[in-house]
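These notes are about the structure you will find just below.
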Amino acid sequence: MDRRYRTPLFAFVSLLLLGGCADPGADTADADAAPIACEPDLVESIDMDRTLGHIRVLADEIGPRVASSRAEREAAEYIARELEGYGYEVEIQEFPRDQVVSRIEVLEPVNLRVHPATGRIDDTPASEYFQLTGEEGITAEVVDCGEGACPAEAEGAIALFAQGDSDAGELLAHAAEVGAVAAILHGDDWRRHLTSVEADDAVLPFVTVNVEAGEALRDAGGARVTLHVEFFDTSQNVIATRRVEGDPDAPVVIFSAHYDSVEQAPGANDNASGTAGMIELARLYATVETDVELRFAAVGAEEVGLVGSRYYVSQLPDHEIERVAANFNTDMIGTAGELQTQLFVNTLDGDNVVARSARVARDRLELPEERMRAPFERGASDHVAFHEAGIPAANFIWRDPETIDLEPWYHHPHDTPDRISADRLSTAMSVVLLASQQVICDAGAFRDEVPAALER
Ligand code: BES
Ligand code: ZN
42 MDRRYRTPLF AFVSLLLLGG CADPGADTAD ADAAPIACEP DLVESIDMDR
92 TLGHIRVLAD EIGPRVASSR AEREAAEYIA RELEGYGYEV EIQEFPRDQV
142 VSRIEVLEPV NLRVHPATGR IDDTPASEYF QLTGEEGITA EVVDCGEGAC
192 PAEAEGAIAL FAQGDSDAGE LLAHAAEVGA VAAILHGDDW RRHLTSVEAD
242 DAVLPFVTVN VEAGEALRDA GGARVTLHVE FFDTSQNVIA TRRVEGDPDA
292 PVVIFSAHYD SVEQAPGAND NASGTAGMIE LARLYATVET DVELRFAAVG
342 AEEVGLVGSR YYVSQLPDHE IERVAANFNT DMIGTAGELQ TQLFVNTLDG
392 DNVVARSARV ARDRLELPEE RMRAPFERGA SDHVAFHEAG IPAANFIWRD
442 PETIDLEPWY HHPHDTPDRI SADRLSTAMS VVLLASQQVI CDAGAFRDEV
492 PAALER
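Spelled out as structure tokens, the structure:
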């Protein structure tokens with residue numbers, strides 16, 4: 042891609058970063074080219090209580106934030122309020138995204154929390170195969186039907202099935218036959234086991250839950266629940282911008298983090314952690330003097346294929362994309378996993394300006410080399426969307442340095458705030474903050490002073 046605007050300016054920034062320059066501008070003899078004021082100790086101002094508070098709101102209070110769901114929207118509104126509070130110009134950018142979403146409210150016993158998943162039928166549009174309950178849901182007693190034999194009391198009730206040999210379509214047909222009003226299925230592969238149901242078999246609303254939740258409902262003996270199965274068609278990004286007054290062509294640095302989660306997963310690490318870290322960095326950057334336009338993009342619908350970030354990038358005009366110096370994407374930056382001790386800086390174009398600035402940050406923080414791997418080639422998060430547009434981008438994520446594995450509770454109901462490490466979270470935030478400061482300060486200082494030698 043032709044990157045006329047960016048090439049000389051950021052080639053120069055890159056040279057600085059390659060040289061491991063600890064103090065932006067210190068290696069340049071020209072005093073006039075000194076960087077604009079950059080808070081040298083912004084890192085000291087990171088407030089972990091605030092950051093952990095955001096994680097608790099997103100993962101505990103709001104809970105699983107499935108793409109397009111009401112909970113995802115609620116999270117977006119929370120993030121927008123926070124960013125607006127720091128003085129940013131904030132837009133909730135909506136985009137189309139279809140999804141059937143389910144929810145179970147347990148009325149009795151009151152302290153039982155159950156997160157359902159939505160059974161799927163391969164390649165069939167959700168709107169065509171699902172029996173919906175409407176916003177009011179279906180309220181009834183749960184009656185245990187074992188692996189496929191409902192008692193007479195199932196009439197008018199919600200049938201609870203354990204996954205056995207019968208296929209899900211047969212179970213649903215049986216439940217309908219005995220007059221059940223809805224069904225809940227539980228099993229090991231609760232996220233997949235309905236994929237073989239034919240559209241004609243979807244005779245009543247159904248959801249799937251994991252074994253733990255299914256057994257809890259069964260053992261409660263006569264639990265009373267409201268089951269919601271609803272169709273939604275919109276997701277959204279939250280974009281906070283701080284423009285440079287009087288300079289519509291200023292370089293831009295974009296921070297991004299997805300705030301949606303997968304079904305059943307409160308998503309404390311994936312990715313309330315990256316979202317909370319980004320919100321806190323936005324707070325710190327809100328008052329810093331800079332000649333660089335700052336954007337904070339909390340993106341939706343990542344878990345269903347980077348839909349939000351790709352939509353955001355698709356809406357940027359070319360001349361705006363050309364102004365973007367870098368994208369810092371935080372995704373899973375707070376795990377307490379025993380083995381996830383290395384911060385990976387994932388890129389798709391090798392050693393770009395973000396990876397280099399991260400190494401500079403590591404040195405300035407005096408982190409041992411083995412604490413960070415930069416760069417590492419890997420996609421699977423929103424930096425991909427920025428990279429596809431030609432923007433130097435990287436994703437920050439803790440992994441096991443030996444196996445490259447993520448924590449065992451990845452995409453699982455156990456991805457909760459008590460499995461967040463404040464220490465890892467603050468280390469990752471410090472790296473991203475210092476690295477981005479380096480890029481921002483250098484870009485601001487040298488944007489009008491590109492050395493002739495670097496002009497092409
Ligand atoms: N938070 C993860 C990040 C991640 C990165 C996971 C690399 C695994 C490897 C992200 O939300 C995620 O789960 N990504 C999906 C792919 C995405 C395109 C739907 C994945 O890796 O399965
Ligand atoms: Zn994920």
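All you need for our numbering is the position in the sequence shown, starting with 1, plus 41. Yeah, the Cβ is synthetic: ideal placement off N, Cα and C, and Gly gets one too.
(1) Could you please give the first and the last residue of the uninterrupted beta strand (DSSP E) stretch that includes T92?
(2) Could you tell me the boundaries of the beta strand (DSSP E) in which M413 lies?
(3) Using the Cα positions of S355 and I362, report the straight-line distance between them to the nearest angstrom.
(4) Report back the beta-carbon spacing between A158 and G341 to the nearest angstrom; my notes put them in contact at under 8 Å.
(5) Would DSSP call S355 helix, strand or coil?
(6) Would you kindly work out how many angstroms separate the C-alpha atoms of F273 and E135, rounded to a whole number?
(7) I need the straight-line Cα distance from C482 to T331, nearest angstrom please.
(8) Measure from the alpha carbon of Q140 to the alpha carbon of each residue in Q172, E132, R122 and S477, then state which is nearest.
(9) Given this structure, state the Cα-to-Cα distance separating V480 from N368, to the nearest angstrom.
(10) Hey, which unbroken runs of the alpha helix (DSSP H) at 4 residues or more fall wholly within the region 238–309?
(11) Strictly by DSSP, which residues pair up with H227?
(12) Per DSSP, E334 forms a beta bridge with which residues?
(13) Let me know the secondary structure DSSP gives S143 once reduced to three states.
(14) Any chance the CB of E334 is under 8 Å from a heavy atom of the ligand ZN?
(15) Along the chain, where does the beta strand (DSSP E) that runs through T371 open and close?
(16) The ligand BES heavy atoms versus the CB of A421: any closer than 8 Å?
(17) Following the continuous alpha helix (DSSP H) through R114, name the residue where it begins and the one where it ends.
(18) At a cut-off of 8 Å, is D345 close to the ligand BES when judged by its beta-carbon and the heavy atoms of the ligand?
(19) Leaving out five residues on either side along the sequence, give the residues of the same chain with a beta carbon under 7 Å from the beta carbon of S462.
(20) Give the secondary structure of L325 by DSSP, where H, G and I count as helix, E and B as strand, and everything else as coil.
(21) Measuring straight from C-alpha to C-alpha, what distance separates V473 and P150?
(22) Which same chain residues end up closer than 6 Å to T382 when comparing Cβ atoms and leaving out the 5 residues on each side of it in sequence?
(23) In or out: E448 buried (at least 16 other Cβ within 10 Å) or exposed?
(24) Per DSSP, what kind of secondary structure is F171 in: helix, strand or coil?
(25) Would you please state the rounded distance, in angstroms, between the beta carbons of A323 and F337? I believe it to be under 8 Å.
(26) Among the residues of its own chain, which have a CB less than 7 Å from the CB of P137, if the five just before and after it don't count?
(27) Check whether the Cβ of N393 lies closer than 8 Å to any heavy atom of the ligand BES, and answer yes or no.
(28) Apply the 10 Å Cβ neighbour rule to T371 and answer buried if 16 or more other Cβ atoms are within range, or exposed otherwise.
(29) Just list the beta strand (DSSP E) runs in the region 410–464, keeping only unbroken ones of 3 residues or longer that don't cross its boundaries, in chain order.
(30) Ignore the nearest five residues each way along the sequence and tell me which others in M413's own chain have a CB closer than 6 Å to its CB.
(31) Quick test of the definition: if touching needs 3 or more C-beta pairs under 8 Å, does the region 179–196 touch the region 295–309?
(32) In three-state terms, what does DSSP make of I374?
The structure says:
(1) Unbroken run through T92 is the alpha helix (DSSP H), M89 to I96; no beta strand (DSSP E).
(2) Counted as a single uninterrupted DSSP element, the beta strand (DSSP E) harbouring M413 occupies residues M413 to E418.
(3) Each residue's Cα considered, the two are about 10 Å apart.
(4) Their Cβ separation, rounded to whole angstroms, is 19 Å, which puts A158 and G341 out of contact at 8 Å.
(5) Helix.
(6) Cα to Cα, the separation comes out at about 13 Å.
(7) Their backbone Cα atoms lie some 7 Å apart in a straight line.
(8) The shortest Cα separation from Q140 among Q172, E132, R122 and S477 belongs to Q172.
(9) Rounded to whole angstroms, V480 and N368 show a C-alpha spacing of 10 Å.
(10) If only uninterrupted alpha helix (DSSP H) runs of at least 4 residues are considered, those enclosed by the region 238–309 are 252–260.
(11) Looking at the DSSP assignment, H227 forms a beta bridge with A203 and V250.
(12) DSSP output for E334 lists V293 as bridge partner(s).
(13) S143 falls in the strand class under three-state DSSP.
(14) Not a single heavy atom of the ligand ZN lies less than 8 Å from the C-beta of E334.
(15) First-last of the beta strand (DSSP E) with T371: V365 to T371.
(16) The ligand BES approaches A421 closely enough that one of its heavy atoms is under 8 Å from the residue's Cβ.
(17) R111 to G126 is the extent of the alpha helix (DSSP H) around R114.
(18) According to the sequence as given, residue 345 is Val; it is not Asp. The answer is yes for V345.
(19) Cβ neighbours of S462 within its own chain (closer than 7 Å, five residues either side excluded): G375, T376 and A377.
(20) Residue state for L325 is assigned as helix, using DSSP reduced to three classes.
(21) Distance between the alpha carbons of V473 and P150: 44 Å.
(22) Setting aside the 5 residues that flank it on each side, T382 has no residue in the same chain whose C-beta is closer than 6 Å to its C-beta.
(23) The residue is buried, with at least 16 neighbouring Cβ atoms inside 10 Å.
(24) DSSP places F171 in coil when its eight states are reduced to three.
(25) Taking C-beta atoms under 8 Å as the contact rule, A323 and F337 qualify, at a distance of about 5 Å.
(26) Excluding positions up to five away in sequence, the list reads D274 and T275.
(27) Between the ligand BES and the CB of N393, the shortest heavy atom gap is not smaller than 8 Å.
(28) The residue is buried, with at least 16 neighbouring Cβ atoms inside 10 Å.
(29) The beta strand (DSSP E) runs of length 3 or more contained entirely in the region 410–464 are, from start to end of the chain, 413–418 and 434–440.
(30) The residues are L384 and R403.
(31) The answer is no - the region 295–309 does not touch the region 179–196, with fewer than three Cβ pairs under 8 Å.
(32) The answer is coil: DSSP assigns I374 none of H, G, I, E or B.
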